[in-house]
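Per the working numbering, the very first residue in the sequence shown carries number 573; after that it's consecutive.
Following: one structure in structure tokens, then a few remarks.
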Amino acid sequence: MLIYIDESGDSGFKFDQWSSPFFSIALVVFNDHDEAIACSQRIDLLRRELWLHDNFEFHFKKNSDKIRQLFLEAVANYNFFYHGFVLNKKIVTWKWFQYKDSFYKCICWYVFENAKDKIENATVIIDKTWSEGFKYALWKYLRNKLNTKNCKRIKKVAMHRSHTDNLVQLVDYVCWVIHRYYGDSKSKNDFRRFISHREINVQQRPRQKL
């Protein structure tokens, strides 16, 4: 099992200095490695169809609406599913959330906790913008929270560079889709409609309507 993680928004709480009001995390899960390879190959093919160079990185925030739609349509038929968590930071009062690593690990735990019944012996992949130290800390944290004597849910945590891994680019897209749909009420285009059939659960916290 492969699980890709990405986040949208930031961990800051200085809203008068452009901190984002929402923070979102998405998990994209492939139960089958061959299906993950096939999805990645389809993304490679999309580059050729659009006459993009081989190193072009699909990044939701930077891409046009046309490319966003074509990307989501291209991956929609592949057998992955996703979970998400959207935090409204403006109504959060937990002071320890103001420490970036603790903030990220805690939100990761929330979304993994919601998905844990569907996770077994998974390799978790995060963007290589994080440090090796954080990778180890996250692995240890998730292992201690989710693994039991009878069930090994998390096998290891690895880091891949987004510009060389199509599936890191996929989870970037999924995360921004749910971030805009569930958190950013100003968004005009509903890109979620292309992949909503892959959604298992997206949790919003605090419980007030966002």
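Even for Gly, the Cβ is constructed at its ideal location relative to N, Cα and C.
Asked	Found
Beta-ladder partner(s) of Arg777, from DSSP	Leu659
The stretch 721 to 729 / the stretch 692 to 699 touching (three or more Cβ pairs under 8 Å)	yes
Which residues DSSP lists as bridging Ala694, in chain order	Ile726
Tyr682 (DSSP reduced to helix, strand or coil)	helix
Every unbroken alpha helix (DSSP H) inside the stretch 577 to 619 [4 residues or more]	none
Reduced DSSP secondary structure (H/G/I, E/B, other) of Glu771	strand
Nearest to Gln775 (by Cα), restricted to the options Val683, Glu607 and Lys717	Val683
Short Cβ contact (8 Å threshold) for Val743 with Ile767	no
Spatial distance of Tyr576 from Ala608 (CA atoms)	11 Å
With 16 other Cβ atoms within 10 Å as the buried cut-off, status of Cys680	buried
Rounded separation between Asn660 and Tyr753 - CA only	13 Å
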